[in-house]
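J.:
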Amino acid sequence: QVQVVEFGGGLVQAGGSLRLSCAASRIFFMIYKMGWYRQAPGKQRELVAEVTSGGREIYADSVKGRFTVSRDNAKNTVVLQMNSVKPEDTAVYYCHVDQSSRGEYWGQGTQVTVSS
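Heads up: the sequence shown runs through residues 1439 to 1554, numbered per the working numbering.
(1) Take the Cβ of L1449 as the centre, count every other Cβ of all protein chains shown within 10 Å, and call the residue buried at 16 or more, exposed below.
(2) Short of 6 Å in beta carbon distance, which residues of its chain neighbour Q1451, apart from the five on each side in sequence? Order them along the chain.
(3) Where does the unbroken beta strand (DSSP E) through D1536 begin, and where does it stop?
(4) Quick one: what's Q1439 bridged to in DSSP?
(5) What three-state label does DSSP hand V1523 in the structure shown?
(6) Kindly list the residues whose CB is nearer than 7 Å to the CB of V1442, restricted to its own chain and excluding five residues on each side of it in sequence; keep chain order.
(7) Can you tell me where the beta strand (DSSP E) holding G1473 begins and where it ends?
(8) Candidates L1456, E1444, T1515: which alpha carbon is nearest R1504's?
(9) Is S1508 helix, strand or coil by DSSP?
(10) So which of V1486, E1495, N1514 has the shortest CA-CA distance to V1501?
Now the structure itself:
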């Protein structure tokens, strides 16, 4: 069973920065996409940013220019650098591993709270 573990998260002031890391283990097949989703209270889970196996980066419009996602295919890790954070970025952030037809896997989630 694939295991997905997240690191980082916490409380940060608006305008500040935060870094989230994720590592996937027990990977025996190619990861097609790897990245981050978030879910705020009372809202649906939404894509934040992800990277395809070919290196294409995909961002939600709300984070473009502020967040940067990077992936290490050899280590099966992904990092989300969050800059100029806003109170509306407050959510539980989940690492997502997409192995296409082989399945998809989620981390346990890490809380990010941005104070105004």
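Even glycine gets a Cβ: it sits at the ideal position worked out from N, Cα and C. In this text, all values refer to a predicted model and were calculated from it rather than measured experimentally.
T.: Walking through what the data contain:
(1) Answer is exposed; the Cβ neighbour count stays below 16.
(2) Contacts found: S1553.
(3) D1536: member of the beta strand (DSSP E) spanning 1529-1536, first to last residue.
(4) When DSSP reads this structure, Q1439 sits in no beta bridge, so it has no partner.
(5) Coil.
(6) C1460, A1462, C1533, V1535, Y1543, W1544, G1545.
(7) First-last of the beta strand (DSSP E) with G1473: 1471-1477.
(8) Ranking the options by Cα distance to R1504, first place goes to L1456.
(9) Of the three classes helix, strand and coil, the one that applies to S1508 here is strand, per DSSP.
(10) Nearest Cα to V1501 within the set V1486, E1495, N1514: V1486.
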